[in-house]
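Visitor: I have a structure here, written as structure tokens, and I will follow up with some questions on it.
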Amino acid sequence: TVGATALDADGNLASGTSTGGTLDKLPGRVGDSSLIGCGCYADNESAATSLTGWGEPIMKLVLGKWAVDRVAAGATPQQAAEAAIAHLHKRLGGHGGIIVMGPDGSLGLAHNTPRMAWGIASEGRREIGITRN
Amino acid sequence: MRKPTLLIHGGAWAMPDADIAAHENGISNALDAGWAVLERGGSAVDAVQAAITVMEDDEAFDAGRGSYLTRDGRVQLDALMMDGKSLNAGGVGCVERIKNPIQLARLVLDESPHVYFVGTGAERFAMQHGMRPCDNMDLVIPREQKRLYDAQAAGLGDTTFTGAPMAGPLDSHD
């Protein structure tokens, strides 16, 4: 699964997620990636998210919207990202990763899988990472 | 006026060391594509589409060409895009003849009053809006055929996200 969140010069947020699904999945099985509020959500008034990982637990928790609502309630994107992954594992033993972008361009990233690939670009900043959990 | 910013990911899973370089390269290319849009004043939705299209075309990632295979050895793709200003969203599920599902998701977002299209209906919508279908085998690569064969032969649980079997026999995963 791959995903992106962006903030443009006009202050608009957007997010996207795209996936091939899980290994050996039954044809017709859909995970979280393409379900609004689960694998992806964006609202200028709160945040944009893209998720990756084992879809079933992410869907049951509607985790993409869950994290956005955390930012709307005052959490930073990083706090919301960490809380989302903690919630995923605590509630349903799920594994995955999330990126979160606030309306001011502040960022959050968290995962409880062994690794996650990510990248950040803004004026004067360009970072790439494969974080290890 | 906001400071444009792009944050992308290439998946969270039990990535082996051997895959790190290819993922870093793919993330770098995707960042370049998305940031080029933002840097010239383009929209956030255009930047998201540009970055994800690059990763869909990159065999390193589980999206587009080079994705994991279904039980019957086909690529079956899902994607969603959402615009934070209008709250419009476009999603597609289980498409098998679309090279870049994020672009079809964008068409659903821009050209339809709906949010989600699946299967052959999604593919028909794509063609009605000028997208050219691809053959499913254009999306399948030998690495994933071997991965599927090995997983089915071993009958192990899915280790994708934890590096260790999460469940018992493979079919209990779905």
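These protein sequences, in sequence, are chains G and W. Using the numbering used here, read the first sequence as starting at 1 and increasing by one per residue. Using the numbering used here, read the second sequence as starting at 1001 and increasing by one per residue. Each residue gets a CB set at the ideal place from its N, CA and C atoms; glycine is no exception.
1. Looking only at its own chain, which residues have a Cβ that is under 7 Å from the Cβ of Met-1109 (chain W), when we skip the five neighbours before and after it?
2. Which of the three DSSP states is assigned to Asp-1083 (chain W) in this structure?
3. So the candidates are G:Ala-84, G:Trp-54, G:Trp-118 and G:Gln-78; which of them puts its Cα closest to the Cα of Lys-65 (chain G)?
4. Grouping DSSP H, G and I as helix and E and B as strand, with all else coil, what is Leu-1069 (chain W)?
5. Is Pro-1113 (chain W) near the ligand ATP, in the sense that its beta carbon is under 7 Å from a heavy atom of that ligand?
6. Does any residue of chain G bring its CB to less than 8 Å from the CB of Pro-1142 (chain W)?
7. With 8 Å set as the bound, which would you pick, yes or no: does the beta-carbon of Ala-6 (chain G) sit closer than that to a beta-carbon of chain W?
8. Run through DSSP, which three-state label would Trp-118 (chain G) get?
9. With H, G and I counted as helix, E and B as strand and the rest as coil, what does DSSP make of Glu-1059 (chain W)?
10. Which class does Ala-1021 (chain W) belong to by DSSP, given the choice of helix, strand or coil?
11. Throw me the rounded Cβ distance for the Glu-1123 (chain W) and Val-1095 (chain W) pair, which I believe falls under 8 Å.
12. Per DSSP, which one or two residues make a beta bridge with Thr-5 (chain G)?
13. When DSSP labels each residue in this structure, what does Lys-134 (chain G) get in the three-state scheme?
14. Does Tyr-1068 (chain W) pass the burial test, meaning 16 or more other C-beta atoms within 10 Å, or should it be called exposed?
15. Closer than 8 Å, CB to CB, is Asp-69 (chain G) near chain W or not?
16. Sort G:Val-100, G:Glu-123 and G:Ala-121 by Cα distance to Ala-42 (chain G) and report the nearest one.
Guide: According to the structure data:
1. As a first step, residue 1109 (chain W) is located in the second sequence; it is residue number 109 there, counting from the start. Note that residue 1109 (chain W) corresponds to Leu in the displayed sequence, not to Met. Result list for Leu-1109 (chain W): Met-1081, Asp-1083, Asn-1088, Ala-1089 and Gly-1090, in chain order.
2. Numbered from 1 along the second sequence, position 83 holds the residue referred to as residue 1083 (chain W). Here Asp-1083 (chain W) sits in strand by DSSP.
3. Start at 1 with the first residue of the first sequence, and residue 65 (chain G) comes out as number 65. Closest by alpha carbon: G:Ala-84.
4. If you number the second sequence from 1, residue 1069 (chain W) lands on position 69. Residue state, collapsed to three classes: coil.
5. Ligands are entirely absent from the displayed structure, and the ligand ATP is therefore not among its contents.
6. Residue numbering aside, residue 1142 (chain W) sits at position 142 when the second sequence is read from its first letter. Pro-1142 (chain W) does not count as touching chain G.
7. As a working note, residue 6 (chain G) is residue 6 in the first sequence. At least one chain W Cβ lies under 8 Å of Ala-6 (chain G).
8. Taking the first residue of the first sequence as 1, we reach residue 118 (chain G) at position 118. Note: Trp-118 (chain G) maps to strand in three-state DSSP.
9. For the purposes of this step, residue 1059 (chain W) is identified with residue 59 of the second sequence, where counting begins at 1. Reduced to three states, the DSSP call for Glu-1059 (chain W) is coil.
10. The sequence position of residue 1021 (chain W) within the second sequence is 21, counting from 1. Ala-1021 (chain W): helix per DSSP, three-state reduction.
11. Looking up residue 1123 (chain W) in the second sequence gives position 123. Looking up residue 1095 (chain W) in the second sequence gives position 95. Right, their Cβ atoms sit about 6 Å apart.
12. Counted from its first residue, the first sequence places residue 5 (chain G) at position 5. Looking at the DSSP assignment, Thr-5 (chain G) forms a beta bridge with G:Ser-15 and W:Leu-1007.
13. A question about residue 134 (chain G) goes unanswered here, because the residues of chain G that appear run from 1 up to 133.
14. The sequence position of residue 1068 (chain W) within the second sequence is 68, counting from 1. Buried is the call here.
15. Taking the first residue of the first sequence as position 1, residue 69 (chain G) is located at position 69. Asp-69 (chain G) does not count as touching chain W.
16. As a first step, residue 42 (chain G) must be located in the first sequence, where it is residue number 42. Comparing C-alpha distances from Ala-42 (chain G) to each of G:Val-100, G:Glu-123 and G:Ala-121 shows the shortest one belongs to G:Val-100.
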